[in-house]
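**Q** Got a structure here, written out as structure tokens. Questions coming.
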Amino acid sequence: MTKILVIEDEGAVRNNILMLLKAEGFQVSGAENGEVGIEMAKEHPPDLIICDILMPGVDGYGVLTQLRQSRTTAFIPFIFLTAKAERSEVRQGIELGADDYLTKPFDADELLGAIAARLKKQEQLYQRFDLLSDELDRFEQLVTAKDEMLTHFNEQMRSPLSNLRLVVEMLSNESEPEKRDRYLEILRSEFEREIALLNQVSELQKLLTPENVNLLSKFNMLKPQ
Numbered sequence: 007m008t009k010i011l012v013i014e015d016e017g018a019v020r021n022n023i024l025m026l027l028k029a030e031g032f033q034v035s036g037a038e039n040g041e042v043g044i045e046m047a048k049e050h051p052p053d054l055i056i057c058d059i060l061m062p063g064v065d066g067y068g069v070l071t072q073l074r075q076s077r078t079t080a081f082i083p084f085i086f087l088t089a090k091a092e093r094s095e096v097r098q099g100i101e102l103g104a105d106d107y108l109t110k111p112f113d114a115d116e117l118l119g120a121i122a123a124r125l126k127k128q129e130q131l132y133q134r135f136d137l138l139s140d141e142l143d144r145f146e147q148l149v150t151a152k153d154e155m156l157t158h159f160n161e162q163m164r165s166p167l168s169n170l171r172l173v174v175e176m177l178s179n180e181s182e183p184e185k186r187d188r189y190l191e192i193l194r195s196e197f198e199r200e201i202a203l204l205n206q207v208s209e210l211q212k213l214l215t216p217e218n219v220n221l222l223s224k225f226n227m228l229k230p231q
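Okay, here's the thing in structure tokens:
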């Protein structure tokens, strides 16, 4: 159930809004001033906040400023209520991060329409965030897969390099033609194996696309056996 916090110092206005929203199926709570509203929003973050601008103590701008500075409340949709909507006032609210304005007096359709629009936009933002999160997960998986494969290739390449070094030393100390020919054959074989591994490394970028990584993950094939 969508939770809405109404911050309004005029009791009659606040109660009317709460009654209307409750009748529409929203879970509502009310705060009689800015200080209480800030505490309520931080303690139990709502899905949307409706806040009057002109209030004693902390006004609507102060409420919005403080809530935008907190991680838990920074992205909550925020609708201002105002008795007047002068251009400078609207600009100030927008610069602080307000999402919408309603000018008093307003009817039920205006209020519900503004709420629906803000909630829809918030849902779209969440969807975009989920898509971005999925892409970041895929990218992290791709990087991890490449690291695992490169580690595997590195381990494989050490073996022929060690063999090459050993064969070169043996060849340099060997005078018998038959043994030298045998060492040369081993040297050639190990060299070809090293070249093959290097070619595999060069193909790694083409192989480990995000699509291939997803496929390898399904079959638990990311880590070389």
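Quick note, the sequence shown lines up with residues 7 to 231 if you use this note's numbering. A virtual CB, placed ideally from N, CA and C, is assigned to each residue, including glycine.
(1) Residue 37 and residue 25 - do their beta-carbons sit closer together than 8 Å?
(2) Pull up the DSSP beta-bridge partners for residue 157, would you.
(3) From the DSSP output, read off the bridge partner residues of residue 233.
(4) Straight-line CA distance for residue 13 to residue 143?
(5) Considering only the alpha carbon of each residue, which of 121, 82, 57, 60 lies closest to residue 50?
(6) Going straight from the alpha carbon of residue 202 to that of residue 194, what length do you get?
(7) Can you check which of these residues, 77, 78, 102, 76, is closest to residue 85 by C-alpha distance?
(8) Could you please give the first and the last residue of the uninterrupted beta strand (DSSP E) stretch that includes residue 73?
(9) Rounded to whole angstroms, what is the Cα-Cα separation between residue 20 and residue 134?
(10) Answer yes or no: does any C-beta atom of chain C fall closer than 8 Å to that of residue 48?
(11) Do you know how far the Cα of residue 32 is from the Cα of residue 99?
(12) Decide if residue 87 is buried, meaning its Cβ has at least 16 other Cβ atoms within 10 Å, or exposed.
(13) Measure the C-alpha to C-alpha separation of residue 68 and residue 147 and round it to an integer number of angstroms.
**A** Answer, in terms of the structure:
(1) Stepping through the sequence shown from its first residue, residue 25 is reached at position 19. Stepping through the sequence shown from its first residue, residue 37 is reached at position 31. The answer is no: Cβ separation not under 8 Å.
(2) Reading the sequence shown from its first residue, position 151 is the one you call residue 157. Answer is none; residue 157 lacks a bridge partner.
(3) Nothing about residue 233 can be read from this structure; the chain reaches only from 7 to 231.
(4) Stepping through the sequence shown from its first residue, residue 13 is reached at position 7. Stepping through the sequence shown from its first residue, residue 143 is reached at position 137. If you take the alpha carbons of residue 13 and residue 143, they lie about 39 Å apart.
(5) Counting from 1 along the sequence shown, the entry for residue 50 is found at position 44. The candidate whose alpha carbon is nearest that of residue 50 is 82.
(6) Position 196 of the sequence shown, counted from the start, is the residue given in the question as residue 202. Position 188 of the sequence shown, counted from the start, is the residue given in the question as residue 194. A direct Cα-Cα distance of roughly 12 Å separates residue 202 from residue 194.
(7) Position 79 of the sequence shown holds residue 85. Nearest C-alpha to residue 85 among 77, 78, 102, 76: 102.
(8) As a first step, residue 73 must be located in the sequence shown, where it is residue number 67. From DSSP, residue 73 is part of no beta strand (DSSP E) but of the alpha helix (DSSP H) over 66-74.
(9) By 1-based counting over the sequence shown, the position of residue 20 is 14. By 1-based counting over the sequence shown, the position of residue 134 is 128. C-alpha separation (whole angstroms): 34 Å.
(10) No chain C appears in the structure shown, which is made up of a single protein chain.
(11) On the sequence shown, position 93 is the one that residue 99 refers to. On the sequence shown, position 26 is the one that residue 32 refers to. Computed Cα separation, rounded: 25 Å.
(12) Along the sequence shown, read from residue 1 onward, the residue named residue 87 stands at position 81. Its Cβ being crowded by 16 or more others within 10 Å, residue 87 is buried.
(13) Here residue 68 is taken as the residue at index 62 of the sequence shown, counted from 1. Here residue 147 is taken as the residue at index 141 of the sequence shown, counted from 1. Distance between the alpha carbons of residue 68 and residue 147 is about 43 Å.
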